[in-house]
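Protein chains in written order, with our numbering: chain A, 3 to 514; chain B, 10 to 491; chain C, 10 to 163.
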């Protein structure tokens, strides 16, 4: 019998092993499928994944990994953002200097700041592309409607995060972009002024004061935006992200094309686990998942273990995202203009690129372009899964018959209409150019933005009637929206110069 | 794909680390400086300085001035008197300025401007970057002396261009159109903060790059119309060197908020003086505030830019007939609607005693004012209208609004001029100008009654109803009552 | 073998080890770089180096108080030394007294060399680093302390 002292010394000796065994319960790389499922299931960070995934969902051309890229860019912004918080000071006197210090003196400061900015831009881009992917593969259909709504919430949060972060450097770019943004929040004024009720009802002013904490962009606005940007919005986004991932599992995994009836798919090395009944083993029910075919004594068809297949794919997508961000950050600095100066407006004062489409519309009517149309768009997007209830064709690009042709024709139509509308307004102006005294209410109702919305809606109703399919109508409307957004964004970025005049190229902008 | 992406990531991470740590410009510069210190480490002090020198970022942080200057990261030898024979940036600061303005207390950018927080030379110069105050060219650095000093009390050898610029500003009579310290004309912009303006507050479209503030100023002084299309500024006709001096003066005009402990005592006195200026002499006032338009005052002229007539205010015939009250009224209230601004204390900033002095100066060479005979005849303005149209309207305008002759319909003129004054002018004309004498002995054109009638009509210009009718472009009914 | 233990899964291939290895290497490199960030590359805050004048201005045996810089500069036959006048108890400014220094706030007493002789102060008054600037002036670095008794020879 060993004495306590010997026992003590032996335990000290075996410290490395015992610590490792306590931490890694399996103790080695998983070798069997059971061990692989345990590696996924028993891990806090990994167990939000299902243990098995369908092979088709791993196909790059199905999802392009866009959702993961969006989440990856978010993770990158969180980490780099935390680092930036060590040096950034949210005071109007100190903010600009602190950014300059980060750029010039802090170890890795310039690089980290660039990464943060590029990752944020990529996040908005990937989120938008991800939404388009989900739409065109019909992956919002039952039972995934709620997840589509959660995704819309995530889109709004992403844009809000980007918008609140934009103010923090407190330079000319930031100050004037947020001045415009807060005045867009004030845009219901345009309507209440036009009908003369502002004295009693001023939702515009209310929104603006809520955002800015004052009537001007100043210290209070900076603090509010800072709190939103570093705490409230990330918290909300992480929560919604958790719900988003959870719902993927509960809705049966990523939407994928139907497996062909009958035998196993040859494609992608699909396997089918065979479970033979054993007398001594009882089964616990882990989850109820809605499916189409009951399979008895057979594992789910065409699935592979998450460990390692899914995790390889996720890791690869994440590293591609990281590498892209790093390459961009190495060569191109995040912009920083002069210290914010309320006396000297930027000309042109442009919002960040993803808001430029809205800014173009706002140049026609503040209320319609800044509030009404975005709300209509968001509500319209939210309604899609509830109006298009017919299942079938999920998980494939342009899955239902006729989608491809509707997509192409809507693309052409939207390009023609949008470009035509822009050409018309550039050359001939709009209502006030012809009727200088026209009441503002007419302009709120009839402006290029509202007309585009009406024309696109009419087009989709035509498709609805002629093709007799809600999905096809939805495809046509969504395509029109995407095209309109893209063209308006491009137009406002490239062709709008000082005083929001039309120019062919930025090189032609007058030297002021 | 994972492999490729990961390797790319590592490459760029390592690349960024190397670039930051070994590629930094300042690091190379400091290594060079250490070699210089090593060469100069001949005595105890030299060795001590070499031992204490560390390769690291250096800065001078001055919360009082709101600056953080990192220039000393590369300019390590700036206050080492031994560093006279080395290349820039290691060289010592010239002219012993740092003896009075140690870097630890003043930093660098308060005098030189530039982007203090920067750590590369290009970023510090900031002349094509997003920075409000790029590095001043060395010859213009004296402009910033005026931030803390009264330039006139400094040794003239230290601020030659600044003093020349100040002198030229007065000699060229810039105050005729521009206000400084509350004194000056109203035709041009106020210049008190000219030095605080940033690039974006200037119209650079007619300037070749680089678009810096000082290049704009120099070009503008040499040809205002070429730089600002449609400019009403007369060309001050200056040489290159004079344009440079004036530019330096413009750059110095910045009421920068510097803590009082940084101000030289004479600066505080200068600030007080600008609130309570000592009155200038009449000749000085005329030279600084009148000469740009009125020249030497003895002849009238047609101003091409304003398309208006500028009267001869020192002309003999005006001075001998105009009373001091008349002159004072015109100087104090100007002629609203023309380019003659008001000059009294609340407008142009001239003190009452200065206006008196200027009037004295105007009258200096003139014979004593004559006592003008009183009028005896009453005039009929309807007859006067016909006479006016025939004899006067061609120069003085249909409604007395002037043009190629003074604006006799101007309210200030109407209030200040006495009847006798008008009659005398009509009768005797104005020597040295185009105003003929309508009752000269050689060819009397108007009788006394005619003159009285014209006077009566001219007086209707000052009446309110007349003003309204004129505003509505209604021609007075011929024969009708005004 | 239970039906839950199908045959071993083998995944040994060079590519996967390399990818995984490079992934961890990338993460490690990033972490190494990131951990450096919180260490400030240049200390912020106003300058705490004071130039006090050329050595000839201070005779041997003299002491000169500099109120703005919170220190007293001494010179004796062995050289220069500077003692901070910030009390080590809670930071008040000590006054010169017959015996040395006395703090008006809580009664700490120090001798001529800053050693605590009474009162609540936990440690002696700091001796500050004295050196000479490039132009020969005596310069004090108030951020650096030196052991009591250190003299700077000129």
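Where a beta carbon is used, it is the ideal one built from N, C-alpha and C, also for glycine. Since the model is a prediction, treat every value here as computed from it, not as a measurement.
Simplified DSSP state of residue i, which is helix, strand or coil
{"i": "residue 32 of chain A", "result": "coil"}
{"i": "residue 109 of chain A", "result": "coil"}
{"i": "residue 90 of chain C", "result": "strand"}
{"i": "residue 58 of chain C", "result": "strand"}
{"i": "residue 137 of chain C", "result": "strand"}
{"i": "residue 44 of chain A", "result": "coil"}
{"i": "residue 76 of chain B", "result": "strand"}
{"i": "residue 9 of chain B", "result": "No information on residue 9 of chain B is available, as it lies outside the stretch 10 to 491 that chain B covers here."}
{"i": "residue 204 of chain B", "result": "helix"}
{"i": "residue 120 of chain C", "result": "strand"}
{"i": "residue 20 of chain A", "result": "helix"}
{"i": "residue 29 of chain B", "result": "helix"}
{"i": "residue 453 of chain B", "result": "strand"}
{"i": "residue 181 of chain A", "result": "helix"}
{"i": "residue 502 of chain A", "result": "helix"}
{"i": "residue 487 of chain A", "result": "helix"}
{"i": "residue 56 of chain A", "result": "strand"}
{"i": "residue 317 of chain B", "result": "strand"}
Residue i at chain A interface by Cβ criterion, 7 Å
{"i": "residue 266 of chain B", "result": "no"}
{"i": "residue 51 of chain C", "result": "yes"}
{"i": "residue 53 of chain B", "result": "no"}
{"i": "residue 126 of chain B", "result": "yes"}
{"i": "residue 47 of chain C", "result": "yes"}
{"i": "residue 262 of chain B", "result": "no"}
{"i": "residue 92 of chain B", "result": "no"}
{"i": "residue 10 of chain B", "result": "yes"}
{"i": "residue 74 of chain B", "result": "no"}
{"i": "residue 139 of chain B", "result": "yes"}
Test: residue i CB closer than 7 Å to a CB of chain B
{"i": "residue 26 of chain C", "result": "no"}
{"i": "residue 350 of chain A", "result": "no"}
{"i": "residue 32 of chain C", "result": "yes"}
{"i": "residue 104 of chain C", "result": "no"}
{"i": "residue 252 of chain A", "result": "no"}
Cβ-Cβ separation, residue j to residue i (assumed contact under 8 Å), whole Å
{"i": "residue 436 of chain B", "j": "residue 422 of chain B", "result": "The pair is not a contact, with the Cβ atoms about 18 Å apart (cut-off 8 Å)."}
{"i": "residue 118 of chain B", "j": "residue 150 of chain B", "result": "Incorrect: roughly 11 Å between the Cβ atoms, too far for contact."}
{"i": "residue 177 of chain B", "j": "residue 254 of chain B", "result": "6 Å"}
{"i": "residue 184 of chain B", "j": "residue 194 of chain B", "result": "7 Å"}
{"i": "residue 230 of chain B", "j": "residue 247 of chain B", "result": "6 Å"}
Cβ of residue i within 7 Å of any chain C Cβ
{"i": "residue 306 of chain A", "result": "no"}
{"i": "residue 214 of chain A", "result": "no"}
{"i": "residue 267 of chain A", "result": "For residue 267 of chain A, the predicted structure reports a pLDDT of 47, less than 50, and the residue's modelled location is therefore unreliable. A value from the coordinates is still provided. It does not; no Cβ of chain C falls within 7 Å."}
{"i": "residue 329 of chain A", "result": "no"}
{"i": "residue 323 of chain A", "result": "no"}
In DSSP terms, what residue i is bridged to
{"i": "residue 35 of chain C", "result": "None, per the DSSP bridge assignment."}
{"i": "residue 150 of chain C", "result": "C/58 and C/138"}
{"i": "residue 189 of chain B", "result": "B/192"}
{"i": "residue 72 of chain C", "result": "C/83"}
{"i": "residue 357 of chain B", "result": "According to DSSP, which records beta bridges pairwise, residue 357 of chain B is partnered with nothing at all."}
{"i": "residue 341 of chain A", "result": "A/173"}
{"i": "residue 161 of chain C", "result": "C/89"}
Partners in chain D for residue i, counting only beta-carbon separations shorter than 9 Å
{"i": "residue 450 of chain A", "result": "Considering every chain present, this structure includes no chain D. Its protein chains are A, B and C."}
Residue i Cβ short of 6 Å to the ligand NAD heavy atom set
{"i": "residue 260 of chain A", "result": "Inclusion of the ligand NAD in the displayed structure is not the case, the ligand content being empty and no account of it being possible."}
Select from the region 53 to 84 of chain C all residues with a C-beta closer than 8 Å to any C-beta belonging to chain B, and list them in chain order.
53, 54, 55, 56, 58, 59 and 60
Please list, in chain order, the residues of the region 374 to 400 of chain A that have any C-beta partner in chain B closer than 7 Å.
none
Within 8 Å of chain B by C-beta, residues of the region 141 to 154 of chain C in sequence order
141, 142, 143, 144 and 145
If you measure beta-carbon to beta-carbon, which residues of the region 51 to 67 of chain A are closer than 7 Å to chain C?
none
What are the residues of the region 35 to 46 of chain C that lie near chain B, defined by any Cβ-Cβ distance shorter than 8 Å?
35, 38, 39 and 42
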